Structure formats: structure tokens, C-alpha cells
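S.K.:
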Amino acid sequence: MNWVAWKMLTGDRAKYFGTVFGVAFGVLLISQQTSIFVSLMRRTAATVLNVRDAQIWVFDQNMQNTEEVKPLSESDLNRVRGVPGVDWAVRFFKSQARARNLETGEFRQVILIGLDDTTMVGAPVKILAGSLADLRRPDAFMVDKAGYEYLFGVGEPIRLGRTIEMNDTRGVLVGVVDVHAPFETFPIVYTRYSQAVRFVPPERKVMSFVLAEPEPGVPPREVCQRIEQATKFQAHTRNEMLWFQVGYYLRSTGIPINFGITILLGFVVGTAIAGQTFYLFTVENIKQFGALKAMGVTNLGLTGMVLLQATVVGLVGYGLGVGMAALFFESTKGLTHLAGFYMPWQVAVLAAVAVAVIIVCASFVSLRRVWVLEPAIVFR
Amino acid sequence: MSSKTIGVACRNVIKEFGDGEAKIRVLHGINIEVPTSELSLLVGPSGCGKTTLISIIAGLLNPTSGDVVLFNTPQSQLPGRKLVQFRAKNVGFVFQQYNLLPALTATENVAIPLLIQGVPRPQALEQARHVLNYVELGSRANQLPSQLSGGQQQRVAIARALVHQPRLLVCDEPTAALDAKSGQTVMELIREVAVQAGRVVIVVTHDHRVFDYGDRIIEMSDGRVVNVTSKN
């Protein structure tokens, strides 16, 4: 009877496609909006994600996120280095500065990253132009690919040696890097720590973070606990630091609520469209189901038929919805302002679960009508 | 009557709907015997209980009390699933509104009772084509119900009712939605089927044009059988 169920479903093309597109639209909304939400949250943690070579982050006890830095003193670095289990620890500078393009005179706010002069811990891994060694040259800085466009113009070919000015200090472009895009659409400027502190107005304390590595064989979490006990600073592993940053945005901004509402709407709209269309499909075929029941199809058999129809609708709708979402991210991945937006595989799984719930709800509503259907209806 | 084989017998069948004060008795102790190889017509005015009785005979409704014996098998001894299986094997239905699945071709519609019984699809479709030829619709085998006339649709429905060779054929107002000529064709077909050995055919109708086709006319009024006329 599966074959009959399939023919019944696809026989009326308009209703079939209506139901499928109801599910597809719901899946598109859920997967696209969830992906944008996840991507946005990842962008808030770009500073953490861009540091690949240190497992431990140490910072002030009262700091709430990486955008609001309360600097540490130079002696604090030595205190961290003195904690048992710490293999090495280095400075890491992060601030915002105003950069002026010396060729055009235009200003841009930038995210300024200062790397330890000796070890360059926290340096970008993927360098598109120039080399990390060039960062040791006087006044040298590197910028991320999107930042290059923000500073020097969209579509401008990469040309090293271009100059900017920050805090009345000249900077010379020695490289372009590919890093995680930040939450704000600001260029990320990488330079040496000693250079970075000259690109911003002077302060008594300037060290934003201490990046550290545990000794081989010592768990990072354990070292973090030792650092916290010994220094009273906050110490997080890289993964904890990522969630520390994301958690701040989740708690303190309207982003999750707004996206949550859109995702919920996608679910509700998807359920409503698919459920209603599928329910109407069943109701309009109720005499046919009654006839089948009269001819000897059991409730179990009819349930199988309805579930098969629902599964087909769910699978095709899911495929179309996720496909359209993937197509969106694929077609926009080259856009500078949408850098870093992608669809994680977990979102595809979430959408699959959502579609399963939609289909179960739609099937259940329809099946109730079929289960209570008196086969004698065919004579009325 | 004694020389005939009884295919269907109703024994004091009572049917009530509703509860308490809203309870309505629709059938008041029906006792009839329907022999095989005859065309029996169940006639009477609207609301007299014909449809309820035919639904009980076909096993689609349970009587409140009494029993129906189909080919020596009391329905009361066929609970739940067994009754459904018995119905699938032994009962064929022809409905007033045909109830063909609109997305299926004539052949596919006819094959449904065989598919329900688990006959493999190629074999079921092959048998369906044979029966369609029998009702002279072989040339329309691949057409959808919407591409057929009312008379043709009803003939497809008859083919569907016959394809699994049921012993009981139940027809509900088979000519009501048809013009005179189509109605005549359909009744001739049903009559041809009815006289085959071992089969019971019951046609519910209040179409006087078809009364001539019946071997036996069972008249109902207000939930009671008021008259049974036999030509034989």
C-alpha cells in the first residue's frame, strides 16, 4: 500500500508542492537564522578563535568580555609565569584605536592586537601577503583581508607598504592575513606589542591579557585553577574563554531573543503551513481513506500510509530548505561584510529534528481523523 | 427458499445510535435471508435504515444486538482484525460516488483490493487489466478517474469490487449519479455478476428504473423489513 500512499501524495501536484514548500520554508527560516545567529556569536569570540597557539587566557578578575579590557601590570606577567604547571606565559595586547589612511585622509576605528615581540604568540596562521618576519620591521603592521578593504577601499588590489597613522604614529603595511571576522565590522590590525602601545594613548597599565601554556602532561583546567588561586585573576582555557565571550553576548544583548523569535517563527510557520496543508490533504481524501478502510486496510495500514506521505514531505522539504540555506551561505561567502557566516553541520541536524517534530505534529493531527474514521462513511 | 443456498442471514439485528435520551433505534430486529446467485435489491424511502443495514451486513458497523451470518460465519465470531481480514477477502463494494482514488489510473484503482491482500503489484495490475477488459474498459485502463465519464467510473468501481472475486458484493445506489443509459449498462453488469455461483449481490437503491433487474426485492420502512418479493 506504500505505492498507493505515494501516488495519493504526488497525484495532486499543487497540494504536494504546497506541503513540501511549507516544510522547506520552515526549514529555511530555522537553518538560515540559526546559522546567522551561531556565526554572529562566533564573530563575538573572534579574538579568542584567532589565537591558536596558547591554551590559557589570564585576565583581570572583574573583566566581563574581551571588548572591555582592564589592563594588567607587567609584574602580573611574572606572577603567572611563577605558577607551578605554567610552561610559558606572554603578553597579549588588545584595544581599539583610530587609524587614518595617510593616502586619503579617511578614518576607521580598528581593533588593535599587540603580539609578544619575541615569540609572536597569537599571530595569524594564514598569511595572504607578506610574512610574519616582516612584522619585526619598524612601524610594521598587518591587517585582515576585510580590514584592508575597509582601510584602503573595496576592490583595491593588495599593495604592501601602504601607510596609516594611529595616535600620531606612522604604521606601514607589511602583510594581509586571513582571520576570523570580528563582531564589529572593524579592521583587525596586528603589530608587535611594543609597537601597539605606541599606537594608542599612553596608560600606566597596558597588558590586556596573559597568554599561557601548561607544561606537557598538565591539564589546562588544572593550571587555570592554580593561576586563579595564586593570582586572583580569571584564567580560562581556550574553550572556556570562547564561551565566556559568547555567554556575555547571550546574557547582555537582545541578539538571542530576537533570533530566537525568528527561529521560533520559522518553526511555527513551518508547522502551521505543513500541518494545515497536510491536514487538509487528509481531510479532502477522507472518503478515499474511508473506502480503503472499508476494503480492508487496517488503522495500522492507514497510519503507515500517512506516515510514509509525511516522511516523503519531510525529507523533500528538509532537503530543499537546507539546500536553499546552504546556497545562501555559499553564494554570500565572498562578501566582505558577511565573512565568517556559514552553516554549521549542527544546524542541519537541528533543522532535521525540527522538521521531524513538524512532521510528527502534522501526521498526528491528520491521523486522528483517520483513526476515528468510521468506514461506513463511504455510504453517506 | 429451502432449495437455495443462503449467503447472508440477519438474525434479529437491532441498531441504536446515541446514548440516554438521545438514543435512536434505527433498525428494529431485522430478520432476512439473502440467497446466493441472485440479485437482491434493498429498497425503501430515505432514512428507513437501508444504509445502516447494508453497513452492518458488510461488517462496517456492529449491530447493537443480533447477528449477521455471512456464508455460515457469524460476524460476532469475527472480532476486530479478523473481521477486517474477512471483509477484505469476501466483500466487494460499489459506492454511489464511486470513491476512486483520483491520483490512480483505472487499472491502479482496480488493483487496490489485491494490494490490500498482499498480492505483488505487477500481478495485481495484470489481474486488474483483465477485469477492466471484462467491464469493457480495457481501452481506458491508463486513464485517471477525472478523464472518465460517470458511467465509466462506476464500471471501474465495479471492476475494483470484483477483482478479488468476493462472495458478497454490496452496491450502494450504484445508478443514482448516472444517466439512464449508463445506469442501464451498470445494472446489466451487476446482474451478470450476481448470477455467478456462490455470490450474493445486494443493491441498495430507490431508483425505480432498476427494480426490474432484481430477483428479490426487500422493502424497508422505519427500520423494519416490511415486504420481501421474489421473482423465483
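So the protein lines, in turn, are chains W and E. First residue of the first sequence: 721, per our numbering; consecutive thereafter. First residue of the second sequence: 3, per our numbering; consecutive thereafter. Note that CB positions come from ideal geometry on N, CA and C, so glycine has one too. Everything numeric in this text was worked out from a predicted model, so none of it was measured.
(1) What's the C-alpha gap between ARG882 (chain W) and PHE737 (chain W)?
(2) Quick one: is ALA143 (chain E) near chain W, going by C-beta distance under 9 Å?
(3) Verify the CB distance criterion: does PRO976 (chain W) have a CB-CB separation below 9 Å to chain E?
(4) Taking 9 Å as the threshold (C-beta atoms), are THR75 (chain E) and PRO37 (chain E) in contact?
(5) Measure how close the beta-carbons of ARG162 (chain E) and VAL71 (chain E) come, nearest whole angstrom, since I'm counting them as under 8 Å.
(6) Just by C-beta distance, which residues in the stretch 67-91 of chain E are closer than 8 Å to chain W?
(7) When DSSP labels each residue in this structure, what does MET3 (chain E) get in the three-state scheme?
(8) Beta-carbon separation of ILE208 (chain E) and ALA90 (chain E) under 9 Å?
(9) How would you label SER141 (chain E), buried or exposed, when you count the other beta carbons within 10 angstroms and need 16 or more for buried?
(10) Using the Cα positions of SER184 (chain E) and ILE59 (chain E), report the straight-line distance between them to the nearest angstrom.
(11) Check each residue of the stretch 996-1013 of chain W: if its Cβ is closer than 9 Å to any Cβ of chain E, include it; give the result in chain order.
(12) Thinking just about the alpha-carbon of each residue, which of W:ALA1076, W:GLU788, W:PRO791, W:PRO921 is nearest to the one in GLN887 (chain W)?
(13) Please report how far the alpha carbon of VAL172 (chain E) lies from the alpha carbon of ALA1074 (chain W), in whole angstroms.
(14) Quick check on this structure: which residue in W:GLU885, W:THR824, W:GLY891, W:GLY873 has the alpha carbon closest to the alpha carbon of ASP854 (chain W)?
(15) Among residues of its own chain, excluding the 5 on either side of VAL926 (chain W), which ones have a beta-carbon nearer than 6 Å to its beta-carbon?
(16) In the DSSP assignment, the alpha helix (DSSP H) including HIS132 (chain E) goes from what residue to what residue?
(17) Under three-state DSSP, which class holds ALA143 (chain E)?
(18) Please check the pair THR54 (chain E) and LEU29 (chain E), which I expect to be a contact at CB under 8 Å, by giving their CB distance rounded to whole angstroms.
(19) Just mark GLY742 (chain W) as buried or exposed, buried being the case when its beta carbon has 16 or more other beta carbons within 10 Å.
(20) If the cut-off is 7 Å on Cβ atoms, which residues from the stretch 112-146 of chain E count as contacting chain W, listed in chain order?
(21) Which same chain residues end up closer than 7 Å to ILE114 (chain E) when comparing Cβ atoms and leaving out the 5 residues on each side of it in sequence?
(22) Take GLY825 (chain W) as the anchor and find which of W:ARG857, W:GLN753, W:ARG762, W:PHE872 has the nearest alpha-carbon.
(23) Quick check on the burial criterion: 16 or more other C-beta atoms within 10 angstroms. Buried or exposed for GLY1041 (chain W)?
(24) Between W:ARG856, W:TYR999, W:PHE906, W:GLY1016, which lies nearest to TYR870 (chain W) when the distance is taken from Cα to Cα?
(25) Using the rule of at least 16 other Cβ atoms within 10 Å of the residue's Cβ for burial, across every protein chain shown, is THR109 (chain E) buried or exposed?
(26) Could you pull the start and end residues of the alpha helix (DSSP H) that ILE59 (chain E) belongs to?
(27) Below 8 Å on the Cβ atoms is my contact criterion, and I expect THR754 (chain W) with LEU1055 (chain W) to pass it. Report the Cβ-Cβ distance as a whole number of Å.
(28) In terms of residue numbering, what span does the alpha helix (DSSP H) encompassing SER1122 (chain W) cover?
(29) Buried or exposed: which applies to VAL203 (chain E), given that a residue is buried once 16 or more other Cβ atoms fall within 10 Å of its Cβ?
(30) Pull up the distance between the alpha-carbon of GLN816 (chain W) and that of SER914 (chain W), whole angstroms please.
(31) Measuring straight from C-alpha to C-alpha, what distance separates TYR968 (chain W) and MET1025 (chain W)?
(32) Mind checking which residues open and close the beta strand (DSSP E) that includes THR911 (chain W)?
(33) Please classify PHE19 (chain E) as buried or exposed, where buried requires at least 16 other C-beta atoms within 10 Å of its C-beta.
(34) Between ALA1030 (chain W) and VAL988 (chain W), is the Cβ-Cβ spacing less than 9 Å?
(35) To the nearest whole angstrom, what separates the beta carbons of VAL206 (chain E) and ILE26 (chain E), a pair I think is in contact under 8 Å?
(36) Do you know offhand how far GLY805 (chain W)'s Cα is from THR957 (chain W)'s?
M.R.: From the atom records:
(1) Here residue 882 (chain W) is taken as the residue at index 162 of the first sequence, counted from 1. Here residue 737 (chain W) is taken as the residue at index 17 of the first sequence, counted from 1. Spanning the two alpha carbons is a distance of roughly 56 Å.
(2) Position 141 of the second sequence holds residue 143 (chain E). ALA143 (chain E) has a beta carbon lying at 9 Å or more from every beta carbon in chain W.
(3) One-based indexing of the first sequence puts residue 976 (chain W) at position 256. At least 9 Å separates the CB of PRO976 (chain W) from every CB of chain E.
(4) Sequence index remark: in the second sequence, residue 37 (chain E) carries index 35 (1-based). Sequence index remark: in the second sequence, residue 75 (chain E) carries index 73 (1-based). With contacts defined by Cβ atoms closer than 9 Å, PRO37 (chain E) and THR75 (chain E) do not form a contacting pair.
(5) Residue 162 (chain E) sits at position 160 when you count from the first residue of the second sequence. Residue 71 (chain E) sits at position 69 when you count from the first residue of the second sequence. Going by Cβ atoms, the distance from ARG162 (chain E) to VAL71 (chain E) rounds to 26 Å, so no, they are not a contact pair.
(6) Contact annotation: in the stretch 67-91 of chain E, residues whose CB is within less than 8 Å of a CB in chain W are ARG83, VAL86, GLN87, ARG89, ALA90, LYS91.
(7) To locate residue 3 (chain E), count along the second sequence from 1; it is residue 1. Note that MET3 (chain E) has pLDDT 44, beneath the 50 cutoff, so the model's placement of it is unreliable and the number below is only indicative. Reduced to three states, the DSSP call for MET3 (chain E) is coil.
(8) Walking along the second sequence from the start, residue 208 (chain E) turns up at place 206. Walking along the second sequence from the start, residue 90 (chain E) turns up at place 88. Residue identity differs from the one stated: residue 208 (chain E) is His in this sequence, not Ile. Taking 9 Å as the cut-off, the Cβ atoms of HIS208 (chain E) and ALA90 (chain E) do not count as close.
(9) Locating residue 141 (chain E) in the second sequence gives position 139, counting from the first residue. So SER141 (chain E) ends up on the exposed side.
(10) As a position in the second sequence, residue 184 (chain E) is number 182, starting the count at 1. As a position in the second sequence, residue 59 (chain E) is number 57, starting the count at 1. Rounded to the nearest whole angstrom, the CA to CA distance from SER184 (chain E) to ILE59 (chain E) is 27 Å.
(11) Within the stretch 996-1013 of chain W, the residues whose Cβ lies closer than 9 Å to any Cβ of chain E are, in chain order, ASN1005, LYS1007, GLN1008, GLY1010, ALA1011, LEU1012, LYS1013.
(12) Residue mapping note: residue 887 (chain W) aligns to position 167 of the first sequence, counting from 1. It is worth fixing the name first, because residue 887 (chain W) is Asn in this sequence and not Gln. Minimum Cα distance to ASN887 (chain W) is reached at W:PRO921.
(13) Against the second sequence, residue 172 (chain E) aligns to sequence position 170. Against the first sequence, residue 1074 (chain W) aligns to sequence position 354. If I take the Cα positions, the gap works out to 46 Å.
(14) Position 134 of the first sequence, counted from the start, is the residue given in the question as residue 854 (chain W). Each of W:GLU885, W:THR824, W:GLY891, W:GLY873 was checked against the Cα of ASP854 (chain W), and the nearest Cα belongs to W:GLY891.
(15) Stepping through the first sequence from its first residue, residue 926 (chain W) is reached at position 206. PRO791, VAL917, listed in sequence order.
(16) Within the second sequence, residue 132 (chain E) is the residue found at index 130, counting from 1. Here the alpha helix (DSSP H) through HIS132 (chain E) covers 123-136.
(17) For this step, residue 143 (chain E) is matched to residue 141 along the second sequence. In the structure shown, ALA143 (chain E) sits in coil (DSSP, three-state: anything other than H, G, I, E or B).
(18) Residue 54 (chain E) sits at position 52 when you count from the first residue of the second sequence. Residue 29 (chain E) sits at position 27 when you count from the first residue of the second sequence. About 6 Å separates the two Cβ atoms, so the contact holds.
(19) Position 22 of the first sequence holds residue 742 (chain W). Flag for GLY742 (chain W) reads buried.
(20) Answer set for the stretch 112-146 of chain E: ILE114, PRO115, LEU117, ILE118, ARG123.
(21) Locating residue 114 (chain E) in the second sequence gives position 112, where the first residue counts as 1. If the five residues before and after ILE114 (chain E) are omitted, its C-beta is found closer than 7 Å to the C-beta atoms of ARG162, all from its own chain and listed in chain order.
(22) Counting from one through the first sequence, the residue named residue 825 (chain W) turns up at place 105. For GLY825 (chain W), the closest of W:ARG857, W:GLN753, W:ARG762, W:PHE872 by C-alpha to C-alpha distance is W:PHE872.
(23) If you number the first sequence from 1, residue 1041 (chain W) lands on position 321. In summary, GLY1041 (chain W) is buried, with 16 or more beta-carbon neighbours lying within 10 Å of its beta-carbon over all protein chains present.
(24) As a working mapping, residue 870 (chain W) is identified with position 150 in the first sequence. Of the candidates W:ARG856, W:TYR999, W:PHE906, W:GLY1016, W:PHE906 places its Cα closest to the Cα of TYR870 (chain W).
(25) On the second sequence, residue 109 (chain E) is found 107 positions in, with the first residue counted as 1. The C-beta of THR109 (chain E) has 16 or more other C-beta atoms within 10 Å across all chains shown, which makes the residue buried.
(26) As a position in the second sequence, residue 59 (chain E) is number 57, starting the count at 1. If you look at ILE59 (chain E), you'll find it in the alpha helix (DSSP H) that goes 52-59.
(27) As a first step, residue 754 (chain W) must be located in the first sequence, where it is residue number 34. As a first step, residue 1055 (chain W) must be located in the first sequence, where it is residue number 335. The C-beta distance from THR754 (chain W) to LEU1055 (chain W) rounds to 20 Å, too long to meet the 8 Å contact threshold.
(28) Lying before the first or after the last residue shown, residue 1122 (chain W) is absent from chain W, which here runs from 721 to 1100.
(29) Residue mapping note: residue 203 (chain E) aligns to position 201 of the second sequence, counting from 1. Counting Cβ neighbours within 10 Å, VAL203 (chain E) comes out buried, since at least 16 surround it.
(30) Taking the first residue of the first sequence as position 1, residue 816 (chain W) is located at position 96. Taking the first residue of the first sequence as position 1, residue 914 (chain W) is located at position 194. Straight-line Cα distance between these residues: approximately 16 Å.
(31) Start at 1 with the first residue of the first sequence, and residue 968 (chain W) comes out as number 248. Start at 1 with the first residue of the first sequence, and residue 1025 (chain W) comes out as number 305. Distance from the CA atom of TYR968 (chain W) to the CA atom of MET1025 (chain W), rounded to whole angstroms, is 49 Å.
(32) To locate residue 911 (chain W), count along the first sequence from 1; it is residue 191. THR911 (chain W): member of the beta strand (DSSP E) spanning 908-912, first to last residue.
(33) Taking the first residue of the second sequence as 1, we reach residue 19 (chain E) at position 17. PHE19 (chain E) is exposed by the Cβ-count criterion.
(34) As a first step, residue 1030 (chain W) is located in the first sequence; it is residue number 310 there, counting from the start. As a first step, residue 988 (chain W) is located in the first sequence; it is residue number 268 there, counting from the start. Cβ distance not < 9 Å, so ALA1030 (chain W) and VAL988 (chain W) don't count as in contact.
(35) Locating residue 206 (chain E) in the second sequence gives position 204, counting from the first residue. Locating residue 26 (chain E) in the second sequence gives position 24, counting from the first residue. 20 Å between Cβ atoms; not a contact.
(36) By 1-based counting over the first sequence, the position of residue 805 (chain W) is 85. By 1-based counting over the first sequence, the position of residue 957 (chain W) is 237. CA-to-CA, the gap between GLY805 (chain W) and THR957 (chain W) works out to about 14 Å.
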